[in-house]
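Adding 1 to a residue's 1-based position in the sequence shown gives its number in our numbering.
Glycine is no exception: its CB is placed at the ideal position from the N, C-alpha and C atoms.
See below for the structure under consideration.
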Amino acid sequence: RDQPFFIYLPYNTPHSPMQVPDRWWDKYKDRELKMHNRDAEKEDDLHLRCALAMCENIDWNVGRVLKKLDQLDLAEDTIVLYFCDNGPNGVRWNGDMKGKKGSTDEGGVRSPLLVKWPAKIKPGTVVKHSSAAIDLLPTLTGLAGIEAKTAKPLDGMSLAPLLLGEQVRRWPQRTIFSHWRGKTGVKFGNYRLDFQGRLYDLDADPGQRKPIRNRPEILKKLKDEVARFNSEIAAELPEEDQRPFVIGHPDTPLTQVPARDGTAHGNIQRSNKFPNCSYFKNWTGEDDKITWEVEVGQTGDYEVEIYYCVNKKDVGATIQLAYGDESISAKVEQANQQPEKGMENDRFPRAESYVKDFKPMTLGVIRLEKGTGTLTLSAPDIIGKEAMEFRLMMLRRK
């Protein structure tokens, strides 16, 4: 508490799986819903109630943080920011804005940004100028009096003068882009151009219901800006993210390598099409394997532990991990037959994978050289029907 600190605290809610303790669920499970999406017929009341309960749970958790700052006598001179990453993950009330998560319309990208700094920011201050996440770095370094040393120029602007109530004679009209899966939207003042090239005046039509045609100069300007953005920036984005998975970073002695980021070969199947919390199963062939394209951050000896499930009748497979010319192997000696779980705590049926109680098994110590390569997990000797179900590998630098 006597030193400067920075905390990034991401809450995963209100995200699926829709799980929330009874304390909040009981408050919303039977409540009358009075605020609805513009397409109310597409709403799912159960999903909506879950989201509302989870949002109140977020409020409670944020309150715990603020209370702790008060208890430590740090609140007065601590900058606290609260914001979210995108629109709602389902069809629910969204301020009558068009779009939701995954959309580049206003309802898909607009986020609240609440900034609290009692020592410097006057309560009730409202910043009406358009801003974006790219502004957070220059804003925070500006407020903290820190020089932002970056390899390339920043596109963001410091909002510090606006937050501190300084007299700003002229604030630039900014063009702010949103790009998602090939769709580019752009906001310029009170105008928004959607990914289909339709222009809206958000002052007159915040719900983007009727495109305007009486501002051809704005339409042309923004279409030109989008074309430039797509040629200069979007064109550089790969269709698939080919960056290697970083393991053994010098500052991180422990690395988690989950099934989520692996590639299955042969008969191996993922437990769900959404990789987030999935595991690999149907490991039935001795030519089957799981691979990760990795970048080793620091040369060293790494102790390897894997988390698995296996039926008693299938115990005995040999599991091998290879990287370059190095390899280690061990035999699965203990059964860990587990059912899928998680559905008993879901308030709304999830789309993602269920989980199991996976058990750790030590594979050995492998030498990894700094650089890029392929990490390969295989089973050269399968005794029963299946080698194992694989969830996670842990690498600990010795």
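Ile147 to Asn58, Cα distance in whole Å?
-> Here the C-alpha atom of Ile147 lies approximately 34 Å from the C-alpha atom of Asn58.
Does DSSP put Ser17 in a helix, in a strand, or in coil?
-> Here Ser17 sits in coil by DSSP.
Residue nearest to Ala134 in terms of C-alpha spacing, selected from Asn87, Ile8, Asp326 | Measuring C-alpha to C-alpha distances from Ala134 to each of Asn87, Ile8, Asp326 identifies Asn87 as the nearest.
My understanding is that Tyr303 touches Arg392, with C-beta atoms under 8 Å, so please give their C-beta distance in whole angstroms.
-> Contact flag wrong, Cβ pair sits at about 19 Å.
Given that a residue counts as buried once 16 or more other Cβ atoms are within 10 Å of its Cβ, and exposed if not, what is Phe6?
-> Under a 10 Å Cβ-count criterion, Phe6 is classified as exposed, with fewer than 16 other Cβ atoms of the shown protein chains found around its own Cβ.
Kindly provide the ranges of any beta strand (DSSP E) runs that are 3 or more residues long and lie completely inside the region 283-322, ordered along the chain.
-> Complete beta strand (DSSP E) runs here, min 3: 290-297, 301-310.
Of all the alpha helix (DSSP H) runs that stay within the bounds of the region 192-274, which reach a length of 4 or more residues?
-> With a minimum length of 4 residues, the continuous alpha helix (DSSP H) runs that stay inside the region 192-274 are 217-233.
Sequence-distant residues of its chain with Cβ nearer than 6 Å to Tyr29 (five each side left out) = The beta carbon of Tyr29 sits closer than 6 Å to the beta carbons of Arg50, Leu53, Ala54 from its chain, once the five residues preceding and following it are set aside; these are given in chain order.
Kindly identify the DSSP beta-bridge partner or partners of Glu327.
-> Residue pairing from DSSP places Glu327 in a beta bridge opposite Tyr324.
Please name the residue, chosen from Ser328, Thr105, Val66, Asp315, that lies closest to Pro11 on a Cα-to-Cα basis.
-> In terms of CA proximity to Pro11, Val66 leads the group Ser328, Thr105, Val66, Asp315.
Roughly how many angstroms separate the alpha carbons of Asn268 and Thr292, rounded to a whole number?
-> Going from the Cα of Asn268 to the Cα of Thr292 covers about 14 Å.
Tell me, which residues are paired with His180 by DSSP?
-> Answer is Thr185.
Do Glu287 and Thr375 come within 8 Å of each other at the CB atom, strictly closer than that value?
-> Taking 8 Å as the Cβ cut-off, Thr375 and Glu287 do not qualify as a contacting pair.
Count the other CB atoms within 10 Å of the CB of Gly183; is the residue buried (16 or more) or exposed (fewer)?
-> Under this definition Gly183 is an exposed residue.
Give the range of the beta strand (DSSP E) segment to which Thr373 is assigned.
-> Where Thr373 is concerned, the enclosing beta strand (DSSP E) starts and stops at 372-382.
Nearest to Lys121 by alpha carbon, out of Glu107, Ser112, Thr79, Cys85?
-> The option with the nearest alpha carbon to Lys121 is Thr79.
Which class does Lys69 belong to by DSSP, given the choice of helix, strand or coil?
-> The answer is helix: DSSP assigns Lys69 an H, G or I state.
At what residue ranges does the region 26-99 contain a whole run of the beta strand (DSSP E), taking only runs of 3 or more?
-> Within the region 26-99, the complete beta strand (DSSP E) runs of at least 3 residues are 81-84.
Who pairs with Pro361 in a beta bridge, going by DSSP?
-> Pro361 pairs with Tyr308.
What is the DSSP secondary structure of Arg171, counted as helix, strand or coil?
-> DSSP places Arg171 in the coil class of the three-state scheme, outside both helix and strand.
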